[in-house]
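Protein chains: 2
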Amino acid sequence: MSHIMPESDYPDVRSLHLFSEMADLNFSALMRGSYVQNFPPQIDLIIEGDPSDFLHVILSGSVELSSGWNGRETVMATVRPVSTFILAATIKDAPYLMSAKTLEKSRIALIPSQHVRDIFATDHDFARAIVTELAQCYRSVIKSQKDLKLRTSLERLANYLLRQHKGLDGTGEFELTLEKRKLASSLGMTPENLSRAFKGLLPYGVEVDGNRIRITDKDDLTKFAKPSPLIDDYSI
Amino acid sequence: MSHIMPESDYPDVRSLHLFSEMADLNFSALMRGSYVQNFPPQIDLIIEGDPSDFLHVILSGSVELSSGWNGRETVMATVRPVSTFILAATIKDAPYLMSAKTLEKSRIALIPSQHVRDIFATDHDFARAIVTELAQCYRSVIKSQKDLKLRTSLERLANYLLRQHKGLDGTGEFELTLEKRKLASSLGMTPENLSRAFKGLLPYGVEVDGNRIRITDKDDLTKFAKPSPLIDDYSI
DNA sequence: CAGTCCTCTTGATGCAGATCAAGAAACCGT
DNA sequence: ACGGTTTCTTGATCTGCATCAAGAGGACTG
């Protein structure tokens, strides 16, 4: 089940911007009260509405954040290592707004929210790091909302592919990191429509073979997708 | 045009949670470097993509935050006194992600972003207040995104009316605080559709006469709208 | 008070994407 | 290799909402 976090995991957590500046003493204290656990795929980590007992740090694997209402459900985001999630709920000591479940085998650190709040109140470097992290999270959601409200599903897919393609080798070929049904939901569309959307991008040089994507004419795709730094650049 | 902020405006700003806890000295310093201006309606305060030179505090009136892409445009939020906007951009020293313009005659305080960042770095109470404010903003956007992705426009309108109705006198009658075309956009729909949506809520006891709304059967409307604290309660 | 702007409303039509249904392909555990 | 499950694809249909078009009511103006 859960284990006190072994010291071998400290460096991974410490390397996060959120924890890199805080006092050694506080970091150790935080870690000593924390747990690490390996989860199989498809395990519910959090149900929306629950009190926020732990700040979660994903060390490996991937986690999906989703929300539901009145029988409907939607994927809000997918989280990959190494990063935290549900920081805002922890800080505000408020209920989670999203559910979280593992997509694959994942290693997750659990830091008691009360400890985070305690140390937040006394370690000013930690407090400042939290501010930066929260501002980043906030801006990410705004970007995602702009993506959703201003673009068609075809445009969203095109921009998603360009973002994935960025910074990879120049071959123009890569693998989807998400199951297509998950991808569809995180892009705000149905699996059926994603399938058709891939077809719709064929004229712009997108070839699909299972999880393998080939972009044969990046300029053409870019001309269609019209990426904007104010929506697609996650670093600003 | 712009004026150094008169001391008579200090209390309004100070009353914000964001500024209430910081050291007197720092607050005064911040205010002395700030400006206050009265704007007429429909004035652009901010264009998305611009560098974030000022943290804005709305003292009276109302401001609309919007974003555009590829010739399309959407309203992201409406800001009312007394509150700040574009705090995240100020903190990160990153470009604005949204444009802002006045909807009505508005009084706005402009605090140079560099000052905010300077004092943020030294005043720990201020830093902690910023964390709380950012966490609040973040959660608001998440709620708004859930509203948008999980509900139809009819359901969004129904819940909007219930939220407006909350905490008012029990007469079940109130005025819309927004022009209908603005309301439509902020609910993610067109003016035409808003008109039809009001008709669609007639069976649930919603009567409309110009800007005047009467909810004749709140229980019935609630049964249809199915409000959830995890979407509609702005206080958590 | 007519004239002109607006906003708001109403109807007709069009389109993006959801839903339904069924087949094809990939992924199991035995 | 097998049957069983699940994902992916494809087509047909449905629906919510946008768009287009035009008229009704207010509000300001000369």
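Chains as they are written, first to last, in my numbering: chain A, -3 to 232; chain B, -3 to 232.
Note that the Cβ used here is the ideal one computed from N, Cα and C, for glycine as well.
Practice task
Give a yes or no on whether the minimum CB-CB distance between residue 219 of chain A and chain B is below 8 Å.
Solution key: Residue 219 of chain A does not count as touching chain B.
Problem - Where residue 84 of chain A meets chain B, residues with beta-carbon distance less than 7 Å - result: Near residue 84 of chain A (Cβ distances below 7 Å), the residues of chain B are 131, 134 and 135.
Practice task
Tell me where the alpha helix (DSSP H) around residue 64 of chain B begins and ends.
Solution key: From DSSP, residue 64 of chain B is part of no alpha helix (DSSP H) but of the beta strand (DSSP E) over 59 to 65.
Handout entry: Touch test, the region 173 to 185 of chain B against the region 148 to 157 of chain B, Cβ-Cβ under 8 Å, three pairs minimum
Key = Segments in contact, yes.
Problem - Inter-residue Cα distance where the pair is residue 134 of chain B and residue 14 of chain B - result: Here the C-alpha atom of residue 134 of chain B lies approximately 15 Å from the C-alpha atom of residue 14 of chain B.
Handout entry: Terminal residues of the beta strand (DSSP E) in which residue 31 of chain A lies
Key = Unbroken beta strand (DSSP E) run through residue 31 of chain A: 31 to 35.
Handout entry: Span of the beta strand (DSSP E) around residue 249 of chain A
Key = Residue 249 of chain A is absent from the model: chain A starts at -3 and stops at 232.
Problem - For residue 124 of chain B, three-class secondary structure by DSSP - result: Under the three-state reduction of DSSP, residue 124 of chain B is assigned to helix.
Exercise for the section: Could you please give me the residues that DSSP links to residue 148 of chain A through a beta bridge? Expected result: Looking at the DSSP assignment, residue 148 of chain A forms no beta bridge with any residue, so it has no partner.
Problem - Unbroken beta strand (DSSP E) run spanning residue 41 of chain B, endpoints - result: Element bounds for residue 41 of chain B: 40 to 42.
Exercise for the section: For residue 120 of chain B, return the contacting residues in chain A, with the cut-off set at a CB-CB distance below 8 Å. Expected result: The answer, in chain order, is 120 and 123.
Handout entry: Minimum Cβ-Cβ distance from residue 141 of chain B to chain A less than 8 Å
Key = Taking Cβ atoms only, chain A reaches closer than 8 Å to residue 141 of chain B, which makes this a yes.
Handout entry: Per-residue DSSP class, three states only, for residue 73 of chain B
Key = DSSP places residue 73 of chain B within a strand segment (E or B) once states are collapsed to three.
Exercise for the section: Tell me whether the beta-carbon of residue 42 of chain A lies closer than 8 Å to the beta-carbon of residue 102 of chain A. Expected result: Not in contact: residue 42 of chain A and residue 102 of chain A (Cβ atoms no closer than 8 Å).
Exercise for the section: Using a threshold of 8 Å, state whether the C-beta atoms of residue 55 of chain A and residue 82 of chain A are closer than that. Expected result: For residue 55 of chain A and residue 82 of chain A, no; Cβs fall outside 8 Å.
Handout entry: Proximal chain B residues relative to residue 184 of chain A, where beta-carbon distance stays under 8 Å
Key = Think of a sphere of 8 Å around the beta carbon of residue 184 of chain A: the chain B residues whose beta carbon falls inside it are 145, in chain order.
Handout entry: Own chain, CB closer than 7 Å to residue 46 of chain A, minus 5 neighbours either side, in chain order
Key = Answer for residue 46 of chain A: 91 and 92, listed in chain order.
Practice task
Starting from the beta carbon of residue 187 of chain A, find every residue of chain B whose beta carbon is closer than 8 Å, and list them in chain order.
Solution key: The premise fails here: residue 187 of chain A is roughly 16 Å from chain B at the closest Cβ pair, so nothing lies under 8 Å.
Exercise for the section: Kindly indicate if chain B contains any beta-carbon less than 8 Å away from that of residue 17 of chain A. Expected result: For residue 17 of chain A, the answer is no, since every Cβ of chain B falls outside 8 Å of its Cβ.
Handout entry: C-alpha gap between residue 172 of chain B and residue 196 of chain B, whole angstroms
Key = So the alpha carbons of these two residues sit roughly 18 Å apart.
Handout entry: CB contact check: residue 66 of chain A to chain B, cutoff 8 Å
Key = Yes, contact with chain B.
Practice task
May I ask which residues mark the beginning and end of the alpha helix (DSSP H) holding residue 112 of chain B?
Solution key: For residue 112 of chain B, the uninterrupted alpha helix (DSSP H) run begins and ends at 109 to 118, by DSSP.
Handout entry: Bounding residues of the beta strand (DSSP E) (the contiguous stretch that carries residue 205 of chain A)
Key = First-last of the beta strand (DSSP E) with residue 205 of chain A: 202 to 205.
Problem - Contacting residues, own chain, Cβ-Cβ under 7 Å from residue 111 of chain A (five flanking each side not counted) - result: For residue 111 of chain A, where only same-chain residues beyond five positions count, the Cβ hits under 7 Å are 26 and 29.
Handout entry: As assigned by DSSP and simplified to three states, the class of residue 105 of chain B
Key = In the three-state reduction of the DSSP assignment, residue 105 of chain B falls in the strand class.
Exercise for the section: Check the Cβ of residue 90 of chain B against every Cβ in chain A and list those closer than 9 Å, keeping chain order. Expected result: What residue 90 of chain B touches in chain A: 131, 135 and 232.
Exercise for the section: Could you work out which residue in A:53, A:147, A:214 and A:104 is closest to residue 66 of chain B when comparing CA atoms only? Expected result: Here the closest residue by C-alpha is A:147.
Exercise for the section: Report, in whole angstroms, the separation of the C-beta atoms of residue 98 of chain B and residue 37 of chain B, which I expect to be a contact under 8 Å. Expected result: Contact holds; Cβ gap of about 6 Å.
Practice task
Using a Cβ cut-off of 8 Å, pull out every chain B residue sitting near residue 236 of chain A, in sequence order please.
Solution key: Only positions -3 to 232 of chain A appear in the structure, and residue 236 of chain A is not among them; the question remains open.
Handout entry: Span separating the alpha-carbon of residue 220 of chain B from that of residue 170 of chain B
Key = Between residue 220 of chain B and residue 170 of chain B, the C-alpha separation is close to 20 Å.
Exercise for the section: Could you have a look at residue 98 of chain B and say whether DSSP puts it in helix, strand or coil? Expected result: If DSSP states are grouped into helix, strand and coil, residue 98 of chain B belongs with the strands.
Practice task
Output yes if chain A places a C-beta closer than 8 Å to the C-beta of residue 45 of chain B; else output no.
Solution key: At least one chain A Cβ lies under 8 Å of residue 45 of chain B.
Handout entry: Test item: CB-CB of residue 200 of chain A and residue 136 of chain A under 8 Å
Key = Cβ atoms of residue 200 of chain A and residue 136 of chain A: not closer than 8 Å.
Handout entry: Separation of residue 78 of chain A from residue 9 of chain A, as counted between CA atoms
Key = Distance between the alpha carbons of residue 9 of chain A and residue 78 of chain A is about 8 Å.
Handout entry: Counterpart residues of residue 52 of chain A in DSSP-defined beta bridges
Key = Looking at the DSSP assignment, residue 52 of chain A forms a beta bridge with A:81 and A:106.
Practice task
Please name the residue or residues paired with residue 210 of chain B in a DSSP beta bridge.
Solution key: Paired residue(s): B:169 and B:203.
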